[in-house]
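Peer 1: Residue numbers (UniProt numbering), protein chains in the order written: chain A, 1 to 428; chain B, 1 to 428. Glycine included, C-beta positions come from ideal geometry on N, C-alpha and C.
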């Protein structure tokens, strides 16, 4: 086992405060680094990850041995495990981020005032990002690279089961920073497994951390949202709805509903509730339920659906608030678009919802009145993803309304400032 | 005196929670109100304020009598006092907001994906804004109108000395909402003078409040920033710097420096520190100091400035961190643009800074490396204002980096969502 820093709560607080200070110091030079320098660093990181494959696999072997001893669940071991192909994937992910447009310095608005002042709104880095994630070693590279691309310093706190793997990957990233002449502290990995480190990050480390991004399951996100004293980009859950209107093309509705639910059931953009227009109960309901059943999906039916199909399993009140993340869907009949909007308003997690309709007035009302980060018309909820949006890479999806909403990519990891060009103007 | 709700801490908490619930409920219909409806409401509010002049003045007379009895400072009485002209100004301010472009529904970005999905990023209201301000009755109307324009419900908590005046103005605003068929709870005024009401707002009222905007002095903002459990748009202070480079046009520098410091000394965009390029000590320093002195400004000089002008009052270390809001300026000689950037990095409040230079490379470095909300080249810091930026009206200026930065106008009081238009796409 690699050397572990000996700690108690006091020294953890000190270690974390020091990490915060160093991140803040590194954020200055990083914020003004040229796009070329950042690209050079990222490409060097990708090369280093490949060159360091043996070291990374050796560190990963320690984590896997510990996981075995701790009798970690198979699914957790699987996401912890690295191999040549996965390491190549990590390097490729960094390269993809390297090739994105640099967001820093981009002019996002410009106008001239009657007095001749020329005002520009220009993207700037946010500063220091804290990323808290579970034992997925690849997130160390993804999150580190994405934050650096946007000119931010980053403090990474990965799950304790992956600490050795994450350290090895982190060492490769730091080599890339060094090769480009960027401060090594721009990407720091919390070196202790103690949970008190997370608590310290959530305080903001005396103002050093500008935003926290939790990546992981509901309990991690819930803790971060409850305790954080700094802004958080996150979604607690993705309780996504699909509404199938009477005007929907049936074949399209079937293929989208099955895709939205079953393509991958464990992702936040998977549909959890199907709302069918009551006026389509005789035409659309049965084919949709059959298609879902054929695809292997369990159906939990509302009282109105049960009246039509009494053999189905009934949905309880709890079902409407449940993110199954599994091959289960709750199904209700609603009173047209108004009923769909009312149901979604009551139960939605404000992540992603879709409407299937040929009637454009129905889609328009859905788009106007449903208040979720992502709304889709005649497309699958599983498109709720930064890559699918063309953002290149994402650090997560946010359901809050402040600053970032929807997929959080490099642009969402920036702020902005105003540059005003004058020719001697004074204010009268 | 008007009827005051009898309260203790428990009932205040209950009253405030109820206000939060009602604001949240009102925010729904307001968010989907048409631009025409909101404009109609705002114009009706302006008319109502004018029509209600007698009632508003009568209520203001009670506040003024109470203020006299409480021996309130003259400056506080002045900002509390209303007259026909000031009421006309309030109505005019609401009309200006009515005429702004409606931000809600504006498409701020749009692109198409290779699979044909058309993605739009569209402005949406934020939800519920809490505004906490001092005893300035006009803010009741300004803040109420601005929030409604952006489709938000608002909870107004004005200073206790202006409670009667604010109530009378609030009644006029509610008449305007009613005339347009918008929910009366879209603009609520906290009906109790107790400070516990502020504490309740800062908790977010069980998730009802999306953002808090404090308008007032440093102690109010500091309390809000320290205690708020919801996002805050604010600036604690405006410690604005002007750097005069060796390459500066001297006449331009004199006029901008005097304007930046002396036009109005009490506003957040007033300059507090003048940094002069050491290389210009022999050419620019004396004329700048003379111009400031002639304009009635007291000078507090750094050690290097004192060497050249030993008769000046010396600046202490504290001066560099002091927002005078008065006819006083601290002056230092710095080692060119690098020295200016280092000084600003150390002492700035990240509000507004200006560079006076003919050398465009100097301006470019200043623009790139200084991390404040507003940077100006060859123009006065007193342009740091939403109206001067062409935003029509502002609720304040923010120095945070999240969501809103710089002047906070109607656009900054919005969020956004993604609308994705498909033709049956499923994710492979």
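#1: If the cut is a Cβ gap below 8 Å, which residues of chain A does residue 231 of chain B touch?
#2: Just checking: is the beta-carbon of residue 243 of chain A within a distance shorter than 8 Å of some beta-carbon in chain B?
#3: Once you ignore the five residues that flank residue 49 of chain B on each side, which residues in its own chain have a CB closer than 8 Å to its CB?
#4: Is residue 421 of chain A helix, strand or coil by DSSP?
#5: Have a look at the DSSP bridge pairing and note the partners of residue 374 of chain B.
#6: Taking the beta carbon of residue 338 of chain B as the centre, do at least 16 other beta carbons fall within 10 Å, making it buried, or is it exposed?
#7: Establish whether the CB of residue 24 of chain A and some CB of chain B are separated by less than 8 Å.
#8: If you draw a straight line from the C-alpha of residue 82 of chain B to the C-alpha of residue 214 of chain B, how long is it?
#9: With residue 240 of chain B as the anchor, note down where its beta strand (DSSP E) starts and where it stops.
#10: Can you pull the DSSP bridge partners for residue 177 of chain B?
#11: Say whether the stretch 197–206 of chain A touches the stretch 223–230 of chain A, bearing in mind that this needs 3 or more beta-carbon pairs closer than 8 Å, one atom from each stretch.
#12: Report the neighbours of residue 382 of chain A on chain B: residues whose CB is nearer than 8 Å to its CB, in chain order.
#13: Report yes if the CB atom of residue 313 of chain A is closer than 8 Å to the CB atom of residue 301 of chain A, and no otherwise.
#14: So the beta strand (DSSP E) residue 298 of chain B belongs to, where does it begin and stop?
#15: For the alpha helix (DSSP H) containing residue 142 of chain B, list its first residue and its last residue.
#16: Could you tell me the distance, in whole angstroms, from the CA atom of residue 194 of chain B to the CA atom of residue 189 of chain A?
#17: Note down the Cα distance separating residue 209 of chain A from residue 232 of chain A, rounded to an integer number of angstroms.
#18: Compare the Cα-Cα distances from residue 150 of chain A to each of A/415, A/428, A/112 and report the closest residue.
#19: DSSP three-state label for residue 35 of chain B, please.
#20: Listing by chain order, which chain B residues have their CB less than 7 Å from the CB of residue 252 of chain A?
#21: Using a 10 Å radius around the Cβ and a threshold of 16 neighbouring Cβ atoms, would you call residue 185 of chain B buried or exposed?
#22: For the stretch 194–214 of chain B, which residues have a beta carbon sitting closer than 8 Å to at least one beta carbon of chain A?
#23: List, in order along the chain, the chain A residues whose C-beta lies closer than 9 Å to that of residue 255 of chain B?
#24: Taking 8 Å as the CB-CB limit, is residue 5 of chain B close to chain A?
#25: Compute the distance between the beta-carbons of residue 288 of chain A and residue 355 of chain A, then report whether it is under 8 Å.
#26: Taking contact to mean at least 3 C-beta pairs separated by less than 8 Å, is the stretch 51–70 of chain A in contact with the stretch 102–119 of chain A?
#27: Can you give me the start and stop residues for the alpha helix (DSSP H) that residue 275 of chain B sits inside?
#28: Of all Cβ atoms in chain A, is any one closer than 8 Å to the Cβ of residue 124 of chain B?
#29: Whole alpha helix (DSSP H) runs in the stretch 385–418 of chain B with 4 or more residues, listed along the chain?
#30: What separation, rounded to the nearest whole angstrom, lies between the Cα atoms of residue 315 of chain A and residue 330 of chain A?
#31: Drop a sphere of 10 angstroms on the beta-carbon of residue 358 of chain A, count the other beta-carbons inside from all chains shown, and report buried for 16 or more, exposed for fewer.
#32: Given a cut-off of 8 Å on the beta-carbon distance, is the pair residue 425 of chain B and residue 20 of chain B in contact?
#33: Taking residue 428 of chain A as the reference, which of B/349, B/10, B/382 has the closest Cα?
#34: Taking the beta carbon of residue 290 of chain A as the centre, do at least 16 other beta carbons fall within 10 Å, making it buried, or is it exposed?
#35: Any beta-carbon of chain B closer than 8 Å to the one on residue 417 of chain A?
#36: If you count every other CB in all the chains shown that lies within 10 Å of the CB of residue 444 of chain A, and 16 or more means buried, which is it?
Peer 2: Judging by the given coordinates:
#1: 231, 402
#2: no
#3: 56, 87, 90, 91, 94, 141, 169, 172, 173
#4: strand
#5: A/418, B/352
#6: exposed
#7: no
#8: 22 Å
#9: 240–244
#10: Its beta-bridge partners do not exist; DSSP assigns none.
#11: yes
#12: 426, 427
#13: yes
#14: 298–301
#15: 137–149
#16: 47 Å
#17: 11 Å
#18: A/415
#19: helix
#20: 424
#21: buried
#22: 210, 211
#23: 424, 426
#24: With a pLDDT of 49 at residue 5 of chain B, under the threshold of 50, the modelled position of this residue cannot be trusted, and the question is left open.
#25: no
#26: no
#27: Segment 271–277 is the beta strand (DSSP E) holding residue 275 of chain B; no alpha helix (DSSP H) there.
#28: yes
#29: none
#30: 7 Å
#31: exposed
#32: no
#33: B/382
#34: exposed
#35: yes
#36: This structure gives no information on residue 444 of chain A, because the portion of chain A shown stretches from 1 to 428.
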